[in-house]
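Quick note on UniProt numbering: the sequence shown kicks off at 1 and runs consecutively.
Structure record follows, encoded as structure tokens.
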Amino acid sequence: MIEILTPAQLDRARDTGHLVGTILHTLRARTGVGTNLLEIDRWAKEMILEAGADSCYVDYAPSFGRGPFGHHICTAVNDAVLHGKPHDRRLADGDLLTLDLAVSLRGVAADAAISFVVGGERDAEDERMISTTERALAAGIAAAEPGARIGDLSHAIGSVLAEAGYPINLEFGGHGIGSTMHQDPHIANSGRPGRGYRLRPGLLLALEPWVMDGTDRLVTDADGWTLRSANGARTAHSEHTIVITADGAEILTLTPGR
């Protein structure tokens with residue numbers, strides 16, 4: 001299903017996107033060395049419920065997971081990159097953490113992810129990997145305009161990732177979003193320009209470049225959800241929800257002040 005949102009729905013989408021961006025910003029500021037992943041999940045739950053919203057993850061049970069997910073946010077550490085299930089783990093200095101949050105407010109969902117290094121220890125390759133996903137996301141957003149095709153976005157994203165030397169996994173990528181979290185069209189993180197669905201104003205998309213250092217192959221944890229790099233290397237993931245407008249793309253999930 002591909003939804004084209006009405007002006008009233010778009011206003012609600014902006015509210016949802018603002019909420020997602022605000023929660024991620026707050027969680028990043030609260031998270032430090034010694035923070036437990038279950039604390040992050042609890043904080044996310046409190047902020048979601050206080051806003052009168054719903055997590056898109058608690059009852060999420062797709063074919064590829066061992067559902068329902070049962071938590072309010074995805075927390076992926078170091079070699080984990082997608083669908084990281086919160087568990088009893090305290091973060092250490094230098095851990096690379098990805099927070100992925102999808103929320104529904106008044107019937108419209110928004111989805112975003114950020115990766116960052118916890119504490120004061122910094123690794124140049126971690127920073128390069130995070131920066132690469134952020135630049136790939138910006139390239140995909142820049143390519144999103146009325147009349148463009150999904151392949152144009154995939155090509156823009158993939159060009160940045162490939163130029164930086166990262167293998168690209170095509171199993172999981174961006175997606176349509178609206179009244180539900182995951183909709184058509186699928187937006188692979190690499191592709192051929194000029195191919196696929198033609199973008200129209202009112203279309204909501206979640207773009208999410210992610211990479212693993214030195215591999216494009218995933219393995220699944222015993223929890224049935226958390227996806228990790230097959231070689232145990234670090235990972236990074238950046239995501240925004242955007243809406244196609246008459247002039248281009250509007251980012252809905254920016255953090256406050258950006």
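Using N, Cα and C, we set each Cβ at its ideal position, and we do this for glycine too.
{"Asked": "Report yes if the C-beta distance between glycine 107 and arginine 14 is below 8 Å; otherwise report no.", "Found": "no"}
{"Asked": "Would you list the residues sitting across from isoleucine 4 in a DSSP beta bridge?", "Found": "Leu203"}
{"Asked": "With burial defined as no fewer than 16 other Cβ atoms inside 10 Å of the residue's Cβ, what is the status of glutamate 239: buried or exposed?", "Found": "buried"}
{"Asked": "Short of 6 Å in beta carbon distance, which residues of its chain neighbour threonine 253, apart from the five on each side in sequence? Order them along the chain.", "Found": "Gly17, Val20, Gly21, Ala110, Ala112, His240 and Thr241"}
{"Asked": "Work out the CA separation of glutamate 121 and histidine 182 for me, nearest whole Å.", "Found": "36 Å"}
{"Asked": "Between the C-alpha atoms of valine 77 and histidine 25, what's the straight-line distance to the nearest angstrom?", "Found": "18 Å"}
{"Asked": "Can you say whether threonine 6 is buried or exposed, counting buried as having 16 or more other CB atoms within 10 angstroms of its CB?", "Found": "exposed"}
{"Asked": "With residue 294 as the anchor, note down where its alpha helix (DSSP H) starts and where it stops.", "Found": "Absent from the structure is residue 294, since the part of the chain shown begins at 1 and ends at 258."}
{"Asked": "Spell out the partners DSSP gives glutamate 239 in its beta bridges.", "Found": "Ala113"}
{"Asked": "Closest to phenylalanine 69 by CA distance: which of Ala164, Lys85, Val81 and Thr75 is it?", "Found": "Lys85"}
{"Asked": "Nearest by alpha-carbon distance to serine 159: which of Arg234, Gly248 and Ala139 is it?", "Found": "Ala139"}
{"Asked": "Relative to the alpha-carbon of arginine 135, which residue among Leu153, Asp123 and Gly119 has its alpha-carbon at the smallest distance?", "Found": "Leu153"}
{"Asked": "Looking at C-alpha atoms only, which residue of Ala156, Asn169, Ser104 and Arg128 is the closest neighbour of alanine 230?", "Found": "Asn169"}
{"Asked": "Is it true that the CB of arginine 90 sits closer than 8 Å to the CB of glycine 151?", "Found": "no"}
{"Asked": "In its own chain, which residues sit with a C-beta less than 7 Å from the C-beta of isoleucine 187, not counting the 5 before and 5 after it?", "Found": "Ile150, Leu153, Ser154, Gly173, Gly174, His175, Leu205 and Leu207"}
{"Asked": "Which residues in the same chain have their Cβ closer than 8 Å to the Cβ of arginine 66, if we skip the five residues on either side of it in sequence?", "Found": "Asp223, Gly224 and Trp225"}
{"Asked": "Flag this pair as yes or no: are the beta carbons of arginine 42 and phenylalanine 116 separated by less than 8 Å?", "Found": "no"}
{"Asked": "Mind checking who aspartate 54 pairs with in its DSSP beta bridge?", "Found": "Ser104"}
{"Asked": "Buried or exposed: proline 62, going by 16 or more other Cβ atoms within 10 Å of its Cβ?", "Found": "exposed"}
{"Asked": "Does the beta-carbon of aspartate 213 have 16 or more other beta-carbons within 10 angstroms, so that it is buried, or is it exposed?", "Found": "buried"}
{"Asked": "Taking DSSP as the reference, what is the three-state secondary structure of glutamate 250?", "Found": "strand"}
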